[in-house]
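Chains as they are written, first to last, in my numbering: chain A, 301 to 634; chain B, 2 to 557. We put the beta carbon where it would ideally sit given N, CA and C, even for glycine. Everything numeric in this text was worked out from a predicted model, so none of it was measured.
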Amino acid sequence: MHHLHNWLATAAALLSLAPALSPAAEVVVYSARNEQLIKPLFDAYSAKTSVEVRFITDKEGPLLARLQAEGANTPADMLITVDAGNLWQAGEVGVLAEVDSPVLKASIPAHLRDPANRWFGLSVRARPLVYSTERVKPENLVSYEDLADPAWKGRLCLRTSKKVYNQSLVAMMIARLGEAETSRVVSGWVANLATEPFANDNQVMEAIDAGTCDVGIVNTYYFGRLVKERPGLAVAIAWPNQQGSGVHVNISGAGVTRHAKHPQEARKLLEWLASEEAQGLFAGLNLEYPANPAVTADPRVAAWGTFKADPANVAEAGRLQQQAVMLMDRVVYR
Amino acid sequence: MLTADADLAISHRVAPRPRGQWLLRAGALLLGAITAVPLAVLFGAWLSPQTLVWQHLATTVLPELLRNTFALLVGVGAGTLVLGCGLAWLTARCEFPGRAWLDWALMLPLALPAYVLAFVVQGLFNPSGPVRWVLHSLPGGGSITFEARGTGWVIGILTLAFYPYVYLLARAAFLGIGRGTLEAARLLGLGPWATFFRVVLPMARPAIVAGLALALMETLADFGAVSVFNFDTFTTAIYKAWFGLFNLPAAAQLASLLLLFVALTLVAERRLRGRARFHETARGAPAPRIVLSGWRAGLAAAATGVVVAAGFALPVAQLLAWVATSAATELDVRYWTWLSHTLLLGGSAALVTLSGALLLGLARRQFSDRTTLAAVELSSLGYAIPGSVLAVGVMLSFSGIDNSLDALWRHAGGDHLGPLLGGSIASLLLAYLIRFLAVANGPVSSALECLRPSLIEAARTLGARGLDLIGRVYLPLLRPGLVTAALLVVVEVMKEMPATLLLRPFGWDTLAVRIFEFTSEGDWRRAALPALTLVLASLGPVIWLARRTASGNPSA
Numbered sequence: 301m302h303h304l305h306n307w308l309a310t311a312a313a314l315l316s317l318a319p320a321l322s323p324a325a326e327v328v329v330y331s332a333r334n335e336q337l338i339k340p341l342f343d344a345y346s347a348k349t350s351v352e353v354r355f356i357t358d359k360e361g362p363l364l365a366r367l368q369a370e371g372a373n374t375p376a377d378m379l380i381t382v383d384a385g386n387l388w389q390a391g392e393v394g395v396l397a398e399v400d401s402p403v404l405k406a407s408i409p410a411h412l413r414d415p416a417n418r419w420f421g422l423s424v425r426a427r428p429l430v431y432s433t434e435r436v437k438p439e440n441l442v443s444y445e446d447l448a449d450p451a452w453k454g455r456l457c458l459r460t461s462k463k464v465y466n467q468s469l470v471a472m473m474i475a476r477l478g479e480a481e482t483s484r485v486v487s488g489w490v491a492n493l494a495t496e497p498f499a500n501d502n503q504v505m506e507a508i509d510a511g512t513c514d515v516g517i518v519n520t521y522y523f524g525r526l527v528k529e530r531p532g533l534a535v536a537i538a539w540p541n542q543q544g545s546g547v548h549v550n551i552s553g554a555g556v557t558r559h560a561k562h563p564q565e566a567r568k569l570l571e572w573l574a575s576e577e578a579q580g581l582f583a584g585l586n587l588e589y590p591a592n593p594a595v596t597a598d599p600r601v602a603a604w605g606t607f608k609a610d611p612a613n614v615a616e617a618g619r620l621q622q623q624a625v626m627l628m629d630r631v632v633y634r
Numbered sequence: 002m003l004t005a006d007a008d009l010a011i012s013h014r015v016a017p018r019p020r021g022q023w024l025l026r027a028g029a030l031l032l033g034a035i036t037a038v039p040l041a042v043l044f045g046a047w048l049s050p051q052t053l054v055w056q057h058l059a060t061t062v063l064p065e066l067l068r069n070t071f072a073l074l075v076g077v078g079a080g081t082l083v084l085g086c087g088l089a090w091l092t093a094r095c096e097f098p099g100r101a102w103l104d105w106a107l108m109l110p111l112a113l114p115a116y117v118l119a120f121v122v123q124g125l126f127n128p129s130g131p132v133r134w135v136l137h138s139l140p141g142g143g144s145i146t147f148e149a150r151g152t153g154w155v156i157g158i159l160t161l162a163f164y165p166y167v168y169l170l171a172r173a174a175f176l177g178i179g180r181g182t183l184e185a186a187r188l189l190g191l192g193p194w195a196t197f198f199r200v201v202l203p204m205a206r207p208a209i210v211a212g213l214a215l216a217l218m219e220t221l222a223d224f225g226a227v228s229v230f231n232f233d234t235f236t237t238a239i240y241k242a243w244f245g246l247f248n249l250p251a252a253a254q255l256a257s258l259l260l261l262f263v264a265l266t267l268v269a270e271r272r273l274r275g276r277a278r279f280h281e282t283a284r285g286a287p288a289p290r291i292v293l294s295g296w297r298a299g300l301a302a303a304a305t306g307v308v309v310a311a312g313f314a315l316p317v318a319q320l321l322a323w324v325a326t327s328a329a330t331e332l333d334v335r336y337w338t339w340l341s342h343t344l345l346l347g348g349s350a351a352l353v354t355l356s357g358a359l360l361l362g363l364a365r366r367q368f369s370d371r372t373t374l375a376a377v378e379l380s381s382l383g384y385a386i387p388g389s390v391l392a393v394g395v396m397l398s399f400s401g402i403d404n405s406l407d408a409l410w411r412h413a414g415g416d417h418l419g420p421l422l423g424g425s426i427a428s429l430l431l432a433y434l435i436r437f438l439a440v441a442n443g444p445v446s447s448a449l450e451c452l453r454p455s456l457i458e459a460a461r462t463l464g465a466r467g468l469d470l471i472g473r474v475y476l477p478l479l480r481p482g483l484v485t486a487a488l489l490v491v492v493e494v495m496k497e498m499p500a501t502l503l504l505r506p507f508g509w510d511t512l513a514v515r516i517f518e519f520t521s522e523g524d525w526r527r528a529a530l531p532a533l534t535l536v537l538a539s540l541g542p543v544i545w546l547a548r549r550t551a552s553g554n555p556s557a
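In structure tokens form, the structure reads like this:
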């Protein structure tokens, strides 16, 4: 057994030099949030605390599969995703640990975090309507449901149902209206489409600007980015469902992994990311809304006006995602 | 090759197999087994039936996906065949103004990943893009409306991205056809067109089919380009099951079906080709080029020029235009790191993949038993699996080994061991090996076919053995084919995105990873800088590849 031990030690040293070189305090992060949106925060955190943050970016699916496969052997201490559905799924398959933190509970509103405390929203992305300022009166834009009305026939543009943001939107609608009514609404959308669904939100807004359609549904930060690129864009935001459920919101968020090797450091990093100090930067880098209500949004974001957001817990988006995908397939929302 | 086979058989009877040959066979079988593990992991998913997902897919999206995939295969197949063979014939056998540089310029689209070409085309044709702007400034052009989407567009993009495989291999085959063969065809009364269809194409068939197989496997595995067009294919269903329905086993099952389809198609093609082999016995003088003049010359130059423009020049111009607006904020010193990682991974993967292909090629040459053949065939399949799915197969295999080692370590009284293989360069190189063996196999095995067994026997008789034989006889003779294979793999690996994303060690970001950071959020303008850098990095190997094969080396 001693020989085996030696052999394994040699193999370990040869194959993986990283543990020998790593400093005492570090956090390892798997992130589905893009590098350019998280690195500035990690740099600031390292400068402040001298804790090194090592991270790797990829899509949620592969990262989650990797966490599951690595099991107890994972090097990851934290998982960051850009939507609630994948956080919910990570919680379901048991790769996230409960974090009982008074700091996090005080910083992040209850509907933006896991009821079981395994993940916490860090920024809010609203998904309102966008419309042509040339052909639509904003007072005619009432709700997501109203876009199923035949009055919008041939005037609607949508992004593909394969994007998780639309899956979350429809899942939250199922939670609110039930499957049958949601199915009616979504098939109404499909009937009203001016053209086949697009691959991304930018194309939806470009199509509205070009006159292909009059109204669409996009995330606010895409709108912010495109307007920055093309200031003359004849497209504006309208906040739907203000008399009812409120605008659909999603979160990007994070959790500490169940088998974290540095659970205390990971928890401290998570608490810092939710703090007033970091929230402005976290949301501002991507023109999102801070999840911490004590922090005000970037002035460019605040300029779009205030709105009532859907207060339902975003965990529902994960629980009902599969049902939403199947519903959209059935009504041929591509 | 019938002569060569006979040659081989005789040599075996006369001289017993040299010692050490079993090592070759064992190596090939081991390699076959290693490449089979991640694929077996995919098939293993059938152990947990996913009836609900299958019922759902079968009753909703699957029929349309199959139709789309079929249309894509037919369209891209026909497109790459016509472009690849037609252009190869023009540049290899004809002479027209500009031929000398169009010859290698036609290889340039290989430097552009399909996913980059796709988003660049969207940028060129989108409502605020340059093409509309030009159209609208023309008299009467303002009324022209069209959407750059749909089956035709996707087929066009993938054809432009993948025709160089057919072009490269077909051109080498056309160049290898000697004067004697063509003169014989003429003497037997065949005109130029009949010669092309009845003599040249059948002789070049193995090369053309090899190129076509690469193009079609890429088409099946593609997700990046089709998703830019929101065009649903079978691969889309794999990702829908995985990301949308949170069902990785169902995704693996779908991927394994894709694999099965490719395997059956390859076997069927081999059966159809049967034992017919065409062999250029004496190459003699190269055949003279057909000199085109007048409108024919103009047409040939225009056709090739348009392909180079559409597949390379215009997309690069759009990338440059985007870079001009984004470089000021995007350019930073880390580009040197990303570039060096990209080149380093490309180079190491080429080395590993080439060794693998050589091992398999040599083994197939020496052993014709079913097991060896199966190992060789198996090793080509990885090319048809969508990158992320293959990456997960590799990741699951390595995590399994890691976790067992960790358990052993703890059993031996150790503390936490951590992942050794997972997230290591080794796992990334293995994924590249599995994915790109098919690319290296073609040039390597055609180079090996040109090695006459009698030559090796002669060297043996003269006392060359083992490494000496390899170093002094095999390698110099195989060099052209090996260099071609290496360059192809370097270019492919540099463009590879999903496996690099999932399996790269911490800090090992590449240019493709950088492109992902932007395209995943539809930010094409900012993706232009890493994309252009990647194109420039691939340009070296691609031009090298194009120029050296343009010189007419038949084994290239």
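*asked:* What are the residues in the segment 435-462 of chain B lying within 9 angstroms of chain A by C-beta distance?
replied: none
*In angstroms with no decimal places, state the Cα-to-Cα distance between Ala27(B) and Phe247(B).*
40 angstroms
*Residues of chain B with a CB under 7 angstroms from the CB of Gly371(A): which are they?*
Asn404
*Kindly indicate which residue of Ile457(B), Trp47(B), Thr338(B) has the alpha-carbon position closest to the one of Trp509(B).*
Thr338(B)
*Thinking C-beta only, is Val62(B) closer than 8 angstroms to Ala238(B)?*
yes
*At which residues does the beta strand (DSSP E) containing Glu616(A) begin and terminate?*
No beta strand (DSSP E) holds Glu616(A); the alpha helix (DSSP H) holding it covers 615-619.
*Given 8 angstroms, three or more beta-carbon pairs between the segment 597-607 of chain A and the segment 411-418 of chain A*: no
*Exposed or buried, what is Leu321(A) when buried is set at 16 or more other beta-carbons lying within 10 Å of its beta-carbon?*
Low local confidence applies: a pLDDT of 46 at Leu321(A) is under 50, so the model's placement there is unreliable, with the coordinate-based value given in what follows. By the 10 Å Cβ count, Leu321(A) comes out exposed.
_Pick from Leu587(A), Ala344(A), Arg634(A), Tyr444(A) that is closest to Lys528(A), judged by C-alpha positions_ = Leu587(A)
*Let me know the secondary structure DSSP gives Ala16(B) once reduced to three states.*
Confidence at Ala16(B) is low in this model, with a pLDDT of 46, below 50, so its placement is unreliable and the value that follows should be read with caution. Note: Ala16(B) maps to coil in three-state DSSP.
_Residues within the segment 527-561 of chain A neighbouring chain B, beta-carbon criterion of under 8 angstroms_ = Glu529, Arg530, Lys561
*Under the DSSP definition of a beta bridge, which residues are partnered with Ala536(A)?*
Tyr431(A)
*What number of angstroms, rounded off, separates the C-alpha of Asn541(A) from the C-alpha of Ala397(A)?*
35 angstroms
*Three-state secondary structure (DSSP) at Ser407(A)?*
helix
*Under 9 angstroms between beta-carbons, which chain B residues line up against Ala375(A)? List them in chain order, please.*
The sequence shown places Pro at residue 375(A), rather than the Ala named in the question. Those within 9 angstroms of Pro375(A) in chain B are Gly419, Pro420, Gly423, Gly424, Phe507.
*Any C-beta of chain A under 8 angstroms from that of Arg187(B)*: no
*Report the partner residues of Tyr330(A) according to the DSSP bridge assignment.*
Ile356(A), Leu379(A)
_Interface partners of Asp333(B) on chain A, CB under 8 angstroms_ = The premise fails here: Asp333(B) is roughly 11 angstroms from chain A at the closest Cβ pair, so nothing lies under 8 angstroms.
*Tell me Ala385(B)'s beta-bridge partners as DSSP assigns them.*
Bridge partners of Ala385(B): none, in fact.
*So which residues on chain B does Val242(A) lean against when the C-beta distance must stay under 8 angstroms?*
Shown here, chain A extends from 301 to 634; a query on residue 242(A) therefore has no answer.
*asked:* Tell me the residue span of the beta strand (DSSP E) that contains Ile517(A).
replied: 515-517
_Cβ shell of Pro450(A) (< 7 angstroms), same chain only, five flanking positions each side left out_ = none
_Candidates Cys86(B), Phe244(B), Pro444(B), of which the one nearest Pro482(B) by Cα_ = In the sequence as displayed, the identity of residue 482(B) is Gly instead of Pro. Looking at the Cα atoms, Pro444(B) is the closest of the given residues.
*Tell me, please, whether the CB atom of Leu321(A) is closer than 8 angstroms to any CB atom in chain B?*
Below a pLDDT of 50, predicted positions are generally treated as unreliable, and Leu321(A), at 46, falls in that range; the measurement from the model is reported next regardless. It does not: the Cβ of Leu321(A) has no partner Cβ on chain B nearer than 8 angstroms.
*Assigned secondary structure, Val83(B) (DSSP; H/G/I helix, E/B strand, else coil)*: helix
*Any Cβ of chain D within less than 8 angstroms of the Cβ of Arg526(B)?*
Protein chains A and B are contained in the structure displayed, whereas chain D is not.
*asked:* Output needed for Val424(A): all residues of its chain with C-beta closer than 8 angstroms, excluding positions within five of it in sequence on either side, in chain order.
replied: Leu412, Val549, Asn550, Ile551, Ala583, Glu588, Tyr589, Pro590, Ala591, Ala609
*Between the C-alpha atoms of Leu367(A) and Thr557(A), what's the straight-line distance to the nearest angstrom?*
9 angstroms
*Using a threshold of 8 angstroms, state whether the C-beta atoms of Gln623(A) and Ala471(A) are closer than that.*
yes
*If we cut at 8 angstroms on Cβ distances, does Ile356(A) have a partner in chain B?*
yes
*asked:* My output table needs one value for Ser322(A): the three-state DSSP class, helix, strand or coil.
replied: The predicted model places Ser322(A) with a pLDDT of 47, which falls under 50 and marks its position as unreliable, so this point remains unresolved.
*Could you give the residue range of the alpha helix (DSSP H) that holds Phe342(A)?*
335-349
*Mark Asn373(A) as exposed unless 16 or more other C-beta atoms lie within 10 angstroms of its C-beta, in which case mark it buried.*
buried
*Measure from the C-beta of Thr495(A) to each C-beta in chain B and report whether the shortest distance is under 8 angstroms.*
yes
*asked:* Does the CB of Glu506(A) have a neighbour CB from chain B at under 8 angstroms?
replied: yes
*Assign Ser447(B) to one of two classes, buried (16 or more other C-beta atoms within 10 Å of its C-beta) or exposed (fewer than that).*
buried
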